[in-house]
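Trainee: My questions all concern the structure below.
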Amino acid sequence: MEKWFIKNKKADFALIAKSFGISETLAHLAVNRGITSGEALKSFLAPSLSTLASPKLFKDGEKLASTIVEKLSEGKRVRIIGDYDVDGVMSTYLLYRGLTSCAEALGSASVIDYEIPDRIKDGYGINIDLVEVAWENGVDTIITCDNGIAAKSQVAYGKEKGMTMLITDHHDIPIEEGVPAADAVVNPKQEDCTYPFPGLCGAGVVFQLLRLLFEACGIPIEKWEELVEFTAIATVCDVMDLVEENRAIVSVGLKRLEHTKNIGLKALILECGLEGSELTAYHMGFVIGPCINATGRLDTAKKGLSLLMTEDEKEAARLAKELRTLNEERKVLTEEGLKAAVSQVENSPFLQQDKVLVIYLADCHESLAGIIAGRLRERYNKPTIVLTKTEKGVKGSGRSIEEYSMFEELSRCGELLTKFGGHPMAAGLSLEEEKIEKLRQTLNEKTTLTEDDLIPKLSFDMVLPFRKISLSLIREMALLEPYGKGNPKPRFALKDVELKRAFVIGKNKNMLRLQVKQADSPMYTAMLFSGFEVFQTMLAEKYGALAFDNLLSGRAEGYQMDILFYPDINEYNGYENIQLVVESFR
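Offset between the sequence shown (1-based) and the numbering used here: plus 147.
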């Protein structure tokens, strides 16, 4: 079962529509997305980099920029330390390319290099060993990106060695520890930071800082704008809310990505079969991004960075193929792990009753634990922790639901864990193997989750009768793109839709094309891409064992269902038709 509820935000939709020359439906959808002022709607409908705040508002922003300019002018050696996910790789690339451009503009002989931690060997972020190696290499200045805000001891060690330590990050500030005593810390989530938009990803912070640096070094603004496509990929892949500044970055970045001059990205787009396509945030988050991410999971993230850096087309093609192959391998390993995890749940009366799932997959690659936990969370709508066996003991990742703070609940089991960290929706943890069962029991004994909390909840924007759907409305809704977290694709509801006929489609014969209508409407095509078996079961329960056969043969009489859907345009042989994509039904 699911609970459906309407986003019931109020406004004078007719006035908004008239003021901006849009339909009342679009006005309604915009208000549902928190767009409440004329200025906000203007920038929402026409996103531009000109709406980004001045990077001078970052706490320590100008201090960091002047420090970098000073170090480059003096020919000092600078090392960038990034992270192994897409945001970390893109942040590292942006900083390297940006600082290299600044060094060239200043006529500097500075050596600028980078290091990305190994997920398995080094773990997340900067560590003492990386600082030690930098010092041994004669590095004068370390600058972090997408990490460092919790690196108090590492920063202190670097300072003891006489190095300049600079931090750029976007993660939450550790409440008790505070920020490290670095020479400059740029993170919009600092309490005394006046930058108005704290929702940037790591690459977003770097992107804005480069604006300051380019200005200081006399580099044209157009060179800064060229970097937006990399920032956009990081923003989508780090699942940032696609609102305000992030919306502008992703919207402009998508347009640039379609005509990218980066040889590596061109090769990856070609390798993924996207050349010539109108790229969307989906392609960034679910096609391009995972290929870059797979290197950090199963190999080294430096391969993803090498792809972006290369100037050789043959090398780019080779690396792009390698990245896509790694991602295919990651998919296979994920499916195997997911299958094993589902088997555990389905065959264990304890796990089936648990409100918090704790799954131990000893042989699973540790980098896949979080992905599998997320897939299980989606399947069962329960907070889920997946644990794996590593050389350093048992490690794992958790993914949660809105009603359950994963970090807070793990804090209550701190005595069972050797290490943990995270936030309400996700966490990482380590513990001894013999304590796994105790952790499962304790989390479930202490949880305040109710059965109602575990019922999936789906929101929809409004009821949209068939008679109000048109090609012009669907095209107008494209103004709301790019879709993603914080700006979901519009979802509409309809009650008592008549089912007239069904056709089984798809390579695996597990999808449906339905002919549907309302009393006062013409016939529409509705596509059901998932939930085939559930649909058959529900139909039989409501209308009898022969109902599905009747629907296939066009003999359905009085069959109705409620649907959550969005309208789409299907183009075939030069003709355009409206089709409805059904996201849920009852």
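Note that beta-carbon positions come from the ideal geometry of N, C-alpha and C, so glycine has one too.
(1) Please say whether residue 454 and residue 463 have beta carbons closer to each other than 8 Å?
(2) Quick one: is residue 202 buried, meaning 16 or more other Cβ sit within 10 Å of its Cβ, or exposed?
(3) Compare the C-alpha of residue 569 against each of 544, 456 and 604 and name the closest.
(4) Once the 5 residues before and after residue 292 are set aside, which same chain residues still bring their CB inside 8 Å of it?
(5) If I measure Cβ to Cβ from residue 343 and keep anything under 8 Å in the same chain, skipping five residues before and after, which residues do I get?
(6) Helix or strand or just coil, what does DSSP make of residue 714?
(7) Name, in chain order, the residues that DSSP records as bridge partners for residue 551.
(8) If I follow the unbroken beta strand (DSSP E) through residue 544, where does it start and stop?
(9) Buried or exposed: where does residue 180 fall if 16 or more other Cβ atoms within 10 Å of its Cβ makes it buried?
(10) Return helix, strand or coil for residue 535, following the three-state DSSP convention.
(11) Take every Cβ of the segment 331-339, pair it with every Cβ of the segment 271-284, and state whether three or more of those distances are shorter than 8 Å.
(12) Which residue's Cα is closest to the Cα of residue 691: 679, 706, 493 and 700?
(13) What separation, rounded to the nearest whole angstrom, lies between the Cα atoms of residue 485 and residue 523?
(14) Does DSSP put residue 258 in a helix, in a strand, or in coil?
(15) On the three-state DSSP scale, how would you describe residue 645?
(16) Can you grab the Cα-Cα spacing for the pair residue 725 / residue 393, in whole Å?
(17) Quick one: what does DSSP say residue 500 is sitting in, helix, strand or coil?
(18) Could you tell me the alpha carbon to alpha carbon distance between residue 546 and residue 591, rounded to whole angstroms?
(19) Can you look up residue 570 in the DSSP assignment and give me helix, strand or coil?
(20) Are residue 648 and residue 573 closer than 8 Å when you measure CB to CB?
(21) Output the distance between the C-alpha atoms of residue 400 and residue 431, rounded to the nearest integer angstrom.
(22) Which residue marks the beginning of the alpha helix (DSSP H) containing residue 263, and which one marks its end?
(23) In angstroms, rounded to a whole number, what distance separates the CA positions of residue 567 and residue 384?
(24) Determine the extent of the alpha helix (DSSP H) in which residue 292 is found, giving its start and end residues.
(25) Roughly how far, in whole angstroms, is the beta-carbon of residue 437 from the beta-carbon of residue 474, given that I think they are within contact range, below 8 Å?
(26) Using alpha carbons as the reference points, say which of 663, 656, 638 and 659 lies closest to residue 646.
(27) Below 8 Å between beta carbons: does that hold for residue 359 and residue 208?
(28) Quick check on the burial criterion: 16 or more other C-beta atoms within 10 angstroms. Buried or exposed for residue 406?
(29) By the 10 Å Cβ neighbour count, where 16 or more other Cβ atoms means buried, how is residue 542 classified, buried or exposed?
(30) Mind checking whether residue 324 and residue 298 have CB atoms under 8 Å apart?
(31) Among residues of its own chain, excluding the 5 on either side of residue 340, which ones have a beta-carbon nearer than 6 Å to its beta-carbon?
Mentor: Reading off the structure:
(1) Going by C-beta atoms, residue 463 is nearer than 8 Å to residue 454.
(2) That one is buried.
(3) Among 544, 456 and 604, the Cα nearest to that of residue 569 is on 544.
(4) Closer than 8 Å at the Cβ level, and outside the excluded window around residue 292, lie 227, 228, 229, 230, 235, 238, 239, 241, 242, 315, 316, 349, 350, 352 and 353.
(5) Closer than 8 Å at the Cβ level, and outside the excluded window around residue 343, lie 200 and 204.
(6) Note: residue 714 maps to strand in three-state DSSP.
(7) Answer is none; residue 551 lacks a bridge partner.
(8) Residues 540-546.
(9) The residue is buried, with at least 16 neighbouring Cβ atoms inside 10 Å.
(10) Assigned with DSSP and collapsed to three states, residue 535 falls in strand.
(11) With a cut-off of 8 Å on Cβ pairs, the segment 331-339 is not in contact with the segment 271-284, counting fewer than three such pairs.
(12) When the alpha-carbon of residue 691 is set against those of 679, 706, 493 and 700, the nearest one is in 706.
(13) Residue 485 and residue 523 have their C-alpha atoms roughly 7 Å apart.
(14) Residue state, collapsed to three classes: coil.
(15) In the three-state scheme derived from DSSP, where H, G and I count as helix and E and B as strand, residue 645 is classed as strand.
(16) If you take the alpha carbons of residue 725 and residue 393, they lie about 31 Å apart.
(17) In this structure, residue 500 counts as helix in the three-state DSSP scheme.
(18) Each residue's Cα considered, the two are about 15 Å apart.
(19) In the structure shown, residue 570 adopts extended strand secondary structure according to DSSP, grouped into three states.
(20) Not closer than 8 Å, so no.
(21) The straight-line gap from Cα to Cα measures roughly 10 Å.
(22) Premise fails: residue 263 is in no alpha helix (DSSP H) and is neither H nor E.
(23) Roughly 23 Å separates the two Cα atoms.
(24) No alpha helix (DSSP H) holds residue 292; the beta strand (DSSP E) holding it covers 288-292.
(25) Right, the Cβ-Cβ distance comes to about 5 Å (below 8 Å), so this counts as a contact.
(26) In this structure, 663 is the residue among 663, 656, 638 and 659 with its C-alpha nearest to the C-alpha of residue 646.
(27) Taking 8 Å as the cut-off, the beta carbon of residue 359 is found closer than this to the beta carbon of residue 208.
(28) Using a 10 angstroms sphere on the CB of residue 406, the tally of other CB atoms stays under 16, which defines it as exposed.
(29) Counting Cβ neighbours within 10 Å, residue 542 comes out buried, since at least 16 surround it.
(30) Their beta carbons are not under 8 Å apart, which means residue 324 does not touch residue 298 by this criterion.
(31) Within the same chain, 206 come within 6 Å of residue 340 by CB-CB distance, once the 5 residues on both sides are set aside.
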